[in-house]
Every structure is written in C-alpha cells, then in structure tokens.
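Data block below; observations after.
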C-alpha cells in the first residue's frame, strides 16, 4: 500500500463522480430548449456556481423575464424530466474507489451542491462507512466551488494537504489557485468541454474511469504536493 507523507484529505464530488451527472446535461438541455445559446462561453460562465446565480445567468441567456424562483423551479422541473429518462445511479467502481481511499491514512469526504438527505443518503448512504466518520458529506452550494470551505472550515488542514476529485473545471481552477491537489473526472458526454477546460487549466491528472484513481496515483500526487510541483510546470 502506498504511503502518503503530505496528503491528509481526499474530497470526492458526488454529482458527476460518485453518481452519474445530472447537472451539466440538464443545464445544456434547459438552455437549448428555451432558445438560449449554450456555447463554450456560456458553459464557462455557468457551471459550478450557486443555484441562484446559475438561475440568473440562465434567465439572461434565454431571455426569460421572470423571477429567480420561477427560473429555479423550471430548471428543477427539467431535471425531474431528465431523471425519468436517465435515472440516478452509482457510477461504476465507486465502492472499490472509496474502499481503497479508506485504507490510506487520510480523511475521505464526499461533497455536493445538495443537502445530505437530498442525494447522499438516498443513493450513497450504504457506503457511508467508507467515508470519514465525523464528516462523510459536505454541502457546498452556499460556498462554491467549495475548496476553501471544506479545507479551512470543515476539515482544518492546509490547502496542499488535500486532493479533490471533481468533474468540472471551476473546481480545478480553484484548486490551482490554492495549491490544492486535483484529479479530473469529466466522465460523460456532457463533459466534452470540461476535459479541455481542465487541460487548459494545467490539470495533470485527468482520468476516464474511477479505477484509474489508485493508491499509486495518490502517492504520485502526494509527492508533487510535497515538492510544490503539482501545478508548477503547467499554467
């Protein structure tokens, strides 16, 4: 088993990493159906922000003259329709990933934009014993993109003692800003731009399946963080 000398925290995104994406795909579909232009610029502006901010930006793109609450309700209705066609499921390899992380001498937490009851308990509750016993799940909707909140306020470690696993580039950019470890998992068709955005942000480690996130990869990132090389050569 690989030994880590620097990393104390591994934080894993819920929607898009542990369960299939129900965020990017819904936003793209909603904007397209309401006459907006969902292009690269729109995706960079929208993805990874608080719900109320996302609703404002979507209303602007689509020319919707209605309240923020009405836009949010319409987006949630779109999501419910999407889920009838694409039910939420736990992604392949999740139990093995969490089990392998649990064997390392680190705290392992899951985070997401919804409350714990809304998503985590319903779909991932059976895996709670593989996560940190004190803080298995952190809601970050009010603290997006969430890195500073989780590292400083929830866990209390240094930025370069944490590794985040996420499917959107806004989190990668925040990780780079703070010198935090990052693994990108742009895992679905809706993430076609996110993979490129991550590469442009200097992300070294972008995986196509969760079984690529091994103790050996974590040990490599641990070495990079210990020597301040995780972000140093690609900006």
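Numbering (my numbering), first residue to last: 275 to 509. Backbone N, C-alpha and C define an ideal beta-carbon position, used for all residues, glycine too. Being a predicted model, the structure only gives us computed values, none of them experimental.
Query                                                                                                                                                                                    : Result
Just to confirm the assignment: which complete beta strand (DSSP E) runs, minimum length 3, are found wholly within the stretch 275-336?                                                 : 283-287
Kindly list the residues whose CB is nearer than 6 Å to the CB of residue 282, restricted to its own chain and excluding five residues on each side of it in sequence; keep chain order. : 380, 431, 435
Please return the same chain residues whose Cβ sits closer than 6 Å to the Cβ of residue 499, not counting the five positions on each side in sequence.                                  : 280, 434, 455
Going by DSSP, which residues form a beta bridge with residue 413?                                                                                                                       : 386
Just tell me which of 392, 464, 479 has its CA closest to the CA of residue 458.                                                                                                         : 479
List the endpoints of the continuous alpha helix (DSSP H) containing residue 471.                                                                                                        : 466-474
Under 8 Å, with one C-beta from each stretch per pair, do the stretch 297-307 and the stretch 443-455 reach the 3-pair mark?                                                             : no
Can you give me the C-alpha to C-alpha distance between residue 360 and residue 501, rounded to a whole angstrom?                                                                        : 43 Å
Identify the residues that DSSP records as bridge partners of residue 358: which are they?                                                                                               : None; residue 358 has no bridge partner.
What is the C-beta distance between residue 414 and residue 385, in whole angstroms, given that I count them as a contact (C-beta under 8 Å)?                                            : 5 Å
Secondary structure at residue 434, three-state DSSP: helix, strand or coil?                                                                                                             : helix
Beta-carbon separation of residue 291 and residue 439 under 8 Å?                                                                                                                         : yes
Under DSSP, the beta strand (DSSP E) around residue 457 begins and ends at which residues?                                                                                               : 455-458
State yes or no: is the C-beta of residue 419 within less than 8 Å of the C-beta of residue 445?                                                                                         : yes
Exposed or buried, residue 482, counting other C-beta atoms within 10 Å across all chains shown (16 or more means buried)?                                                               : exposed
Report buried or exposed for residue 337, applying the criterion of at least 16 other Cβ atoms within 10 angstroms of its Cβ.                                                            : exposed
Any idea if residue 400 is buried or exposed, counting beta-carbon neighbours within 10 angstroms, 16 or more meaning buried?                                                            : exposed
Determine the burial state of residue 374: buried for a count of at least 16 other Cβ atoms within 10 Å of its Cβ, exposed for fewer.                                                    : buried
Considering Cα atoms alone, identify which of 340, 353, 492, 310 is closest to residue 377.                                                                                              : 492
How big is the Cα-Cα spacing for residue 350 and residue 289?                                                                                                                            : 15 Å
Go through its chain and collect everything with a Cβ distance to residue 342's Cβ below 8 Å, but skip five positions before and after it.                                               : 326, 329, 330, 333
Can you list, in chain order, the residues of its chain with a C-beta nearer than 8 Å to that of residue 305? Leave out the 5 residues immediately preceding and following it.           : 311, 312, 316, 332, 335, 336
Locate the alpha helix (DSSP H) running through residue 494, then write down its first and last residues.                                                                                : 489-500
As a quick exercise: from 488, 484, 394, 475, pick the residue whose alpha carbon is nearest that of residue 318.                                                                        : 475
Just to confirm, are residue 412 and residue 383 a CB contact at a threshold of 8 Å?                                                                                                     : yes
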